[in-house]
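Protein sequence lines correspond, in order, to chains U and H. So in our numbering, spot 109 of the first sequence is number 109, and the numbers just go up one at a time. So in our numbering, spot 25 of the second sequence is number 25, and the numbers just go up one at a time. In what follows, a structure is listed as structure tokens, so that the remarks can point back to it.
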Amino acid sequence: MMQVLIMASETVQAANYVPEIFPIIRNGLAVASMVIGLFFVLAGTLGVLRLPDFFTRLHAAGMTDTLGAELILLGLIIQEGFTQLSLKFVFVSIILLLTSPTATHAVANAAYQAGLKPLLGDYKAPTTAEIAGDYAGDDDHHEGDHH
Amino acid sequence: MEQFMGYTTLGVAIFILISMAMMLGRLLVGPTLYDRLLAVNSFGTKTVLFLCVFCLVIDRPDGVDIALLYALMNFIATIAVLKFFRYRALDVSLLESHITDRDGAAK
């Protein structure tokens, strides 16, 4: 009798089985947030490496680091759920949100007060001749050092 | 699903490490002091992110406390270095009378 009941309940459960959609949605949101944040972090790093001027580099680093860090931490929070670890992620997120723009502003203000001039005018990509000239100049310099 | 999330967090951690290594390039090359300082600040932010992600990868939640501490220390270090290279001393009070304009004259 008992076994029949258990089998019946299993059958009912199997009939009412729906795939667990909520973990898929949650993890999907977490992955999407983390990947977008990672895109911003990598773009900011590339901007800091490639842009021609200090203030443009500051723009790239300051904007994208704040947004990218917040998005990656948001992804971690979504993945964790309501736990103590998630609360710590919230604290890290708040501290980064307060300090990162402040530090960026402090660096920009210090550079401006020190008299660093921004590069003005239209951007012109360096020609291949200029790049080759730079390298040739370096080579000459090294040869001069050798002799 | 667990395994997939583990691989995802590991991939994010590896890409943050790559980003940190790229930021070291600006730290070494940077023509001015402020470029280097910007690179150090950004490197610190990425370190905080890496600690947060990596303590999920190795499943030890203690790392987040260190990340919290590092976020605070990174900000204070940036402000301290900026203040030192402005005044060449750390015991200058930031009162109004000490703030000078761009020509060095007191406001």
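Each residue gets a CB set at the ideal place from its N, CA and C atoms; glycine is no exception.
Inset, instruction - Please determine, among H:23, H:61, H:26 and H:34, the residue with the shortest C-alpha to C-alpha distance to residue 113 of chain U. - result: Locating residue 113 of chain U in the first sequence gives position 113, counting from the first residue. Taking only the C-alpha atoms, the option nearest residue 113 of chain U is H:34.
Legend entry - Interfacial residues, the stretch 70-88 of chain U to chain H, with Cβ spacing under 7 Å: From the stretch 70-88 of chain U, only 72, 73, 76, 79, 85 and 88 have a Cβ closer than 7 Å to chain H.
Legend entry - Contact check, residue 46 of chain H vs residue 18 of chain H, beta carbons under 7 Å: One-based indexing of the second sequence puts residue 46 of chain H at position 46. One-based indexing of the second sequence puts residue 18 of chain H at position 18. Annotated as distal: residue 46 of chain H and residue 18 of chain H, with beta-carbon spacing of 7 Å or more.
Inset, instruction - Can you check the stretch 33-96 of chain H for any alpha helix (DSSP H) of at least 4 residues that lies completely inside it and give the ranges in chain order? - result: Listed in chain order, they are 33-57 and 63-87.
Inset, instruction - Say whether chain H places a C-beta atom closer than 7 Å to the C-beta of residue 23 of chain U. - result: On the first sequence, position 23 is the one that residue 23 of chain U refers to. Nearest CB-CB separation between residue 23 of chain U and chain H: below the 7 Å threshold.
Inset, instruction - Starting from the beta carbon of residue 86 of chain H, find every residue of chain U whose beta carbon is closer than 8 Å, and list them in chain order. - result: The sequence position of residue 86 of chain H within the second sequence is 86, counting from 1. Going along chain U in sequence order, the residues near residue 86 of chain H (Cβ under 8 Å) are 110, 113 and 114.
Inset, instruction - Using a Cβ cut-off of 9 Å, pull out every chain H residue sitting near residue 54 of chain U, in sequence order please. - result: Counting from 1 along the first sequence, the entry for residue 54 of chain U is found at position 54. 30, 31, 32, 34, 35 and 38, listed in chain order.
Inset, instruction - In angstroms with no decimal places, state the Cα-to-Cα distance between residue 41 of chain U and residue 89 of chain H. - result: On the first sequence, residue 41 of chain U is found 41 positions in, with the first residue counted as 1. On the second sequence, residue 89 of chain H is found 89 positions in, with the first residue counted as 1. Annotation: residue 41 of chain U to residue 89 of chain H spans about 34 Å, alpha carbon to alpha carbon.
Legend entry - C-beta contact flag for residue 49 of chain U and residue 5 of chain H at 7 Å: What you label residue 49 of chain U is simply residue 49 of the first sequence in a count that begins at 1. What you label residue 5 of chain H is simply residue 5 of the second sequence in a count that begins at 1. Residue 5 of chain H sits away from residue 49 of chain U, with the two beta carbons spaced by 7 Å or more.
Legend entry - alpha helix (DSSP H) segment containing residue 110 of chain U, residue limits: Along the first sequence, one-based indexing puts residue 110 of chain U at 110. From DSSP, the alpha helix (DSSP H) with residue 110 of chain U extends over 84-113.
Inset, instruction - Taking 7 Å as the cut-off, decide whether the C-beta atoms of residue 77 of chain U and residue 29 of chain U are in contact. - result: Numbered from its first residue, the first sequence carries residue 77 of chain U at position 77. Numbered from its first residue, the first sequence carries residue 29 of chain U at position 29. Using a Cβ distance threshold of 7 Å, residue 77 of chain U and residue 29 of chain U do not count as a contacting pair.
Legend entry - Closest by C-alpha distance to residue 11 of chain H, when choosing among H:70, H:50 and H:81: Looking up residue 11 of chain H in the second sequence gives position 11. Closest option to residue 11 of chain H, judged by alpha-carbon separation, among H:70, H:50 and H:81: H:50.
Legend entry - For residue 1 of chain H, three-class secondary structure by DSSP: Your numbering for residue 1 of chain H matches position 1 in the second sequence. If DSSP states are grouped into helix, strand and coil, residue 1 of chain H belongs with coil.
Legend entry - Minimum C-alpha distance to residue 55 of chain H - residue among U:56, U:73 and U:67: Your numbering for residue 55 of chain H matches position 55 in the second sequence. Closest option to residue 55 of chain H, judged by alpha-carbon separation, among U:56, U:73 and U:67: U:73.
Legend entry - Close beta carbons around residue 51 of chain U, own chain, < 7 Å, minus the five adjacent residues each side: Position 51 of the first sequence, counted from the start, is the residue given in the question as residue 51 of chain U. Contacts found: 57 and 60.
Legend entry - Cβ-based neighbour list, residue 71 of chain U, same chain, cut-off 6 Å, excluding 5 preceding and 5 following: On the first sequence, position 71 is the one that residue 71 of chain U refers to. Counting only Cβ-Cβ distances below 6 Å, and skipping sequence neighbours, we find 33, 36 and 37.
Legend entry - Backbone secondary structure at residue 81 of chain U - three-state DSSP: Residue 81 of chain U sits at position 81 when you count from the first residue of the first sequence. DSSP places residue 81 of chain U in coil when its eight states are reduced to three.
Inset, instruction - Examine the ligand MN and report whether any of its heavy atoms sits within less than 6 Å of the Cβ of residue 64 of chain U. - result: You won't find the ligand MN in this model; it holds no ligand whatsoever.
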